[in-house]
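Asks:
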Amino acid sequence: MEYKQIQELIKAINKSNISELKIEEGEFKITIKQQAPYSEPQYVAVQSPAFAAPQLQAAAPQAAAPVASVPSAPTTAPAPAAAGNTTIIKSPMIGTFYRSPSPDKPSFVNVGDDIKPGDVLCIIEAMKLFNEIESDFSGRIVRVLADDASPVEYDQPLFEIEKN
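Going by my numbering, the first residue of the sequence shown is number 19, and it counts up by one from there.
#1: Using the DSSP secondary-structure output, state which residues sit across from Glu176 in a beta bridge.
#2: By the 10 Å Cβ neighbour count, where 16 or more other Cβ atoms means buried, how is Phe177 classified, buried or exposed?
#3: Tell me whether Ser34 is buried or exposed, calling it buried when 16 or more other Cβ atoms sit within 10 Å of its Cβ.
#4: Using 8 Å as the threshold, is the C-beta distance between Ile31 and Ile41 below it?
#5: When you compare only the Cα positions, how much space is there between Val160 and Ser118?
#6: For Ser125 and Ser153, what's the separation of their Cα atoms in angstroms?
#7: Based on DSSP bridge pairs, tell me the residues matched to Gly113.
#8: Could you pull out every residue in the same chain whose Cβ sits closer than 8 Å to the Cβ of Gln25, ignoring the five residues on either side in sequence?
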């Protein structure tokens, strides 16, 4: 199986409800696993007396607005509303986000850089495969929304780009 075929399999699985796929062709074996798809967090407020054992309550899928608020990490913050002609580039897969090809190399792009279609923006490592994420359009980098060498989720915002 070729590298491109494996990449396409990963993309297809990320967009589907499949949680695990195993393929065996002769001596070649591959297993692709996916975490449960990301959904909006649901919060449940539990009140218990100071000395009583805490009770767990399951949230119904149709739960109303969150009752409690938990601050989220900066890398998982929701995408800011795209103003005017800005676009948010999101992660096409689950993996580790890298801004440069190696620790001793400069970043692919920085805030203020002009980009064109086909320019590499970052690398996402998934299952020991390094996937280059390329731009589909030209523009200018407004913000980098993920931290270098941090885990990213499918559809997580990575870059805010002002289109030309």
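Ideal Cβ positions, reconstructed from N, Cα and C, are used throughout, including at glycine.
Replies: So, to answer that:
#1: Strictly speaking, residue 176 in this sequence is Leu, with Glu absent from that position. According to DSSP, Leu176 bridges with nothing at all.
#2: buried
#3: exposed
#4: no
#5: 18 Å
#6: 15 Å
#7: Val170
#8: Leu147 and Asn149
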